[in-house]
Amino acid sequence: MVIRLQENDIYVREENSNDVEAIDNINTLAFNRAAEKELIRKLRDGQTYVKELSLIADIDVNLASAILFKKSSNQFELVSDAKRKQIGHVMFTKIAIQSDNGKLYNEGILALAPMAVVPGFQKMGVGKKMLEVAIEKTKKLNYKAIVVLGHKEYYSKFGFEVSTKYSIKSPFDVPEENFMVLKLDNTADEITGLAVYPDVFYVV
757 MVIRLQENDI
767 YVREENSNDV
777 EAIDNINTLA
787 FNRAAEKELI
797 RKLRDGQTYV
807 KELSLIADID
817 VNLASAILFK
827 KSSNQFELVS
837 DAKRKQIGHV
847 MFTKIAIQSD
857 NGKLYNEGIL
867 ALAPMAVVPG
877 FQKMGVGKKM
887 LEVAIEKTKK
897 LNYKAIVVLG
907 HKEYYSKFGF
917 EVSTKYSIKS
927 PFDVPEENFM
937 VLKLDNTADE
947 ITGLAVYPDV
957 FYVV
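The opening residue of the sequence shown carries number 757 in this note's numbering; numbering runs sequentially from there.
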């Protein structure tokens, strides 16, 4: 029998100091490399880190064990709590937009990166639940817009649109359709220009 996650099985919460190792492991497993782990650690130590928007998804450890039954046991290293297992992580960072006339918009703009789900739990709605909770939080915190580099087919489900529609340009050499923006309120309409990420995004 295939065990599936239901939406109410997934609990999304703000990260805490006990989650640092789990977040490292989630991202290393999801991306199969250490770059995202290093990026997160550097961002956490910087001025653009938003603690309220670094979110963990976890589920009951017994349910996690059932889903991963007969799968690679190294994924159980993520368990740091006797009752819950961390299976996903998403992070938002403050960025700026530099307009063509030199004006710098550096208030209320976020970049979504990275987002990771442990391989054994991918395509089960974990990312969806994390994004829904996160976007709701960004609105309550009065942010204006979120940019993301990712798959158009996925992020468009959450309201993201190709950023060039709003004259917002990517600083990365990527296909136009893969750099997207979600405008959270009408005041974001005046924001145009080049997205300016923290320096660590260009060196990690």
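Cβ coordinates follow ideal geometry from the N, Cα and C atoms, glycine included.
In this text, all values refer to a predicted model and were calculated from it rather than measured experimentally.
Taking the Cα positions, Ile823 is about 27 Å away from Ser773. In the DSSP assignment, Glu770 forms a beta bridge with Leu811. For Phe877, there is no enclosing beta strand (DSSP E), as DSSP marks it with neither H nor E. Between Val903 and Ile851 the beta-carbon gap is near 7 Å, inside 8 Å, which marks them as a contact.
Taking 8 Å as the cut-off, the beta carbon of Ala872 is found no closer than this to the beta carbon of Phe928.
Leu866 and Asn818 have their C-alpha atoms spaced approximately 35 Å apart.
Non-local C-beta neighbours of Val960 in its own chain, meaning closer than 7 Å and more than five positions away in sequence, comprise Ala791, Glu794, Leu795, Lys798, ordered along the chain. The stretch 852-860 makes no contact with the stretch 775-785, as fewer than three CB pairs between them are under 8 Å. Pairing Phe957 with Lys896, the inter-Cα distance amounts to about 26 Å. Scanning its chain for C-beta atoms nearer than 6 Å, with the 5 sequence neighbours on each side dropped, one finds around Ser923 the residues Thr948, in chain order. Judged by DSSP secondary structure, Thr784 falls within the alpha helix (DSSP H) whose first and last residues are 776-787. Judged by beta-carbon spacing, Gly844 lies within the 8 Å limit of Val882, meaning their Cβ atoms are closer than that value.
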